[in-house]
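For reference, the structure discussed in these notes is given below.
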Amino acid sequence: MQTRTDQKLGWIGAGRMGYAMAERLAKGGCDIAVWNRTKEKAEPLAKHGAKVVNQLEELSTRDILFVMVSTYDDVKQVLNKALASGSRNGKPKMVVECSSISLEGSAELRQMLKSKGVEYLAAPVSGNAKVIKAGKLTFVVSGPKAAYEAARPYLDMMGTGSSYVGEGELARIAKICHNVMLGVVIQNLCEITLLAQKAGMPRHAFLDFLNKSVMGSMFTRYKTPALVNLDFHVTFTPKLLRKDLDLGLDAGREFEVPMPLTSLTRDLLQQMIGRGMTEQDFSTLLLMQGEASGIELKPENVQVGDGLS
Ligand SMILES: NC(=O)c1ccc[n+]([C@@H]2O[C@H](COP(=O)([O-])OP(=O)(O)OC[C@H]3O[C@@H](n4cnc5c(N)ncnc54)[C@H](OP(=O)(O)O)[C@@H]3O)[C@@H](O)[C@H]2O)c1
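Here it is, written out as structure tokens:
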């Protein structure tokens, strides 16, 4: 396949992430057909030129098929259906799977697609929907290098680029490591922000310092409005984060790498989920930490930037 941007694209999954990603491709002028289980969520993409289809099977003739759903079980379900009707001349050349799934799931998928003669790239991402809108999404990709080069122009259209890490499922382990860091860092950020508050300073003042320091990052900046003003509008759910920490712990067991901080963070997240705190953002870990610290948290109602807009 040559490097070009005139391929017919198919897209499965218009959730928080999938919608924003597909929107960038549609706005970039790509020929893209989108399917989502809840069709209404995908429908606004039509105003950017995307074709919203009713049946997964309608995507079997697209050149490159992107998938962005929740778990490996969901990936399997949608792909089995999308490829069921594919004949020799009616199957995608390539599947680019972007959901956060396990190494084992990804390897099983590679086998399944190989048996159908479809190329496969594992291409999980870093960023949330707002990060995508700001053009700052990144991909970590593994699979055949030539397939990567063919998909690359589309990956570039969705964000600030991609890192190719090698053959097979290597991208999965990179993404799992990344999200383990996400969990551990948010928990620590909640701890230190409330330590600073209990010692007497406003959260926004502490975070202003942290964000300007060498320890500040795009992540600490874009989580600042949540921590200061208790805006827990969901970007990533506690259950999806628990899934990723579990993937990390499984990988730690497989490769015999101790992961004490990950285990502890997973338990704290589980406590939060056990209390029914599942519908808001994962940064509600702040509320748990507040309760454990004897602090009644209130929004500071201070305008703080998120570093994205
Ligand atoms: N949110 C983040 O910050 C973030 C960042 C990086 C990676 N990720 C990963 O990206 C993936 C998607 O996350 P998200 O935040 O976009 O989740 P989400 O908003 O919950 O969207 C999930 C998507 O998967 C679809 N889906 C789930 N189960 C399905 C099934 N059995 N059959 C068909 N469709 C199904 C949903 O369809 P409906 O609309 O019909 O429910 C929806 O389109 C996850 O693997 C997540 O771990 C998320």
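Heads up, the sequence shown is in my numbering, so the first residue is 22 and it goes up one at a time. Using N, Cα and C, we set each Cβ at its ideal position, and we do this for glycine too. Remember, predicted model here, so these are calculated numbers, not experimental data.
- For S120, the shortest separation between its Cβ and any heavy atom of ligand 1 lies below 6 Å.
- Bounds of any beta strand (DSSP E) do not take in A128; it lies within the alpha helix (DSSP H) bounded by 124-136.
- When beta bridges are read from the DSSP output, G187 appears opposite S163.
- Residue R58 holds the alpha-carbon nearest to the alpha-carbon of G34 among G50, D52, R58, S238.
- Contact check between the stretch 65-79 and the stretch 118-131: fewer than three CB pairs, one atom from each, fall below 8 Å, which does not count as touching.
- Cβ contact annotation for H254 (same chain, cutoff 7 Å, sequence separation greater than five): D302, in chain order.
- Put simply, the stretch 188-206 does not touch the stretch 216-229. Fewer than three CB pairs are less than 8 Å apart.
- D288 is classed as exposed because its beta carbon has fewer than 16 other beta carbons within 10 Å across all chains shown.
- K157 and E300 have their C-alpha atoms some 25 Å from each other.
- Looking at the DSSP output, F87 bridges to W32, V117.
- Exclusion of K112 from the 6 Å shell around ligand 1 follows from its C-beta lying no nearer than that to any non-hydrogen atom of the ligand.
- DSSP, reduced to helix, strand and coil, places A220 outside both helices and strands of the structure shown, so it counts as coil.
- Judged by DSSP in its simplified three-state form, S330 adopts coil rather than helix or strand.
- In this structure, D95 has its beta carbon less than 6 Å from a heavy atom of ligand 1.
- Taking the CA atoms as reference points, N101 sits about 40 Å from N209.
- When only Cα atoms are considered, R37 and A150 end up about 6 Å apart.
- Taking a cut-off of 8 Å for Cβ pairs, the stretch 153-171 and the stretch 266-279 do not touch, as fewer than three such pairs fall below it.
- Cα atoms of L142 and M179: separation of roughly 16 Å, rounded to the nearest angstrom.
- Restricting attention to V117, G138, P113, the CA atom closest to the CA of A192 is found in V117.
- At least one heavy atom of ligand 1 lies closer than 6 Å to the C-beta of S91.
- Residue pairing by DSSP places I53 opposite L30 in a beta bridge.
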